[in-house]
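To keep things clear, I will list the structure first and then write my remarks on it.
Numbering (mature numbering (1 follows the signal peptide of the UniProt record, and there is no 0)), first residue to last: -16 to -1, 1 to 231.
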């Protein structure tokens, strides 16, 4: 009887994980569209040269980096502007159901007067506009540069063609960056599409992520947590992409 109970205990989480994986493969983004997301172990070329990266990691310490790229066709986006693409992605990223547990934790800590990871950077003004609830993010307009999100856990760095959020503090033990970028592809350019796909131009959407220990040359978190990050980041980005495509 004990053996049967033990096997059942093992089977239930495995079954739940299988159903969750199957669900996430098609929700909120179709598996066909998900398969067009390209994942890299490095940051986007633009992010590597950005001022924000130098602020996050001023001493070029070892860091965990990854990025994701998806290409939208002209038909998918219609007359959508670059700012609308970024605004929708940002809203989907933070207001989607995948981020909901983290948002709940942030709100719970906020009710106790605490922050999950307080954002703050040397020489950066923290007196910008406040957006506490990600549902208040616009689908048409990006937040103003310097906007503080979710009660001081994130901060908007750039807007328009390149947009990003900071997390953490470059004077303490953890700092990170979420960076979103769009790039227009002219007709006939490859734009990262696969063989057999139509070369009709469109828009590339990049999502880059980095986490580092700004004051010591070591990773800020245990290695196993970065494995979870890759799964979590993919799910968050899919929420962002789904919001871009939602009519």
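Don't be surprised by glycine CBs; every beta carbon is placed ideally from N, CA and C.
All of these numbers come straight from a predicted model, not from anything done at the bench.
- Of all C-beta pairs linking the stretch 23 to 31 to the stretch 43 to 61, three or more are shorter than 8 Å, placing the two stretches in contact.
- With fewer than 16 other Cβ atoms from the protein chains shown falling within 10 Å of its own Cβ, residue 208 counts as exposed.
- Distance from the CA atom of residue 159 to the CA atom of residue 60, rounded to whole angstroms, is 35 Å.
- Of all C-beta pairs linking the stretch 221 to 229 to the stretch 189 to 203, three or more are shorter than 8 Å, placing the two stretches in contact.
- The shortest C-alpha to C-alpha distance from residue 36 to any of 215, 163 and 54 is the one to 163.
- Burial state of residue 43 is exposed, judged by a 10 Å Cβ sphere holding fewer than 16 other Cβ atoms.
- Here residue 90 has 100, 134 and 137 as same chain residues with Cβ atoms under 6 Å from its own Cβ, once five neighbours each way along the sequence are excluded.
- No residue range can be given for residue 97, since it is assigned to no alpha helix (DSSP H) and is classified by DSSP as neither H nor E.
- For the pair of segments examined, the stretch 203 to 217 was found not to touch the stretch 59 to 75: the number of CB pairs separated by less than 8 Å stays below three.
- Distance from the Cα of residue 83 is smallest, within the candidate group 12, 21, 112 and 38, for 12.
- Nearest to residue 199 by C-alpha distance, out of 98, 39, 56 and 95, is 39.
- The beta carbons of residue 119 and residue 79 sit closer together than 8 Å.
- DSSP places residue 169 inside the beta strand (DSSP E), whose first and last residues are 158 to 169.
- According to the DSSP assignment, residue 22 belongs to the beta strand (DSSP E) that extends over 22 to 24.
- Exposed is the label assigned to residue 110, since fewer than 16 other Cβ atoms lie within 10 Å of its Cβ.
- Rounded to whole angstroms, the separation of the alpha carbons of residue 194 and residue 171 is 32 Å.
- Distance from the Cα of residue 46 is smallest, within the candidate group 103, 211, 226 and 204, for 204.
- Burial check for residue 117: the Cβ neighbour count within 10 Å stays below 16, so the residue is exposed.
- Under the criterion of beta carbons closer than 8 Å, residue 121 and residue 74 qualify as touching, at roughly 6 Å.
- Nearest C-alpha to residue 17 among 168, 167 and 54: 54.
- By the Cβ neighbour-count rule, residue 127 is buried, with 16 or more other Cβ atoms within 10 Å of its own.
- One Cα belongs to residue 210, the other to residue 201, and the distance between them is close to 17 Å.
- Under a 10 Å Cβ-count criterion, residue 76 is classified as buried, with 16 or more other Cβ atoms of the shown protein chains found around its own Cβ.
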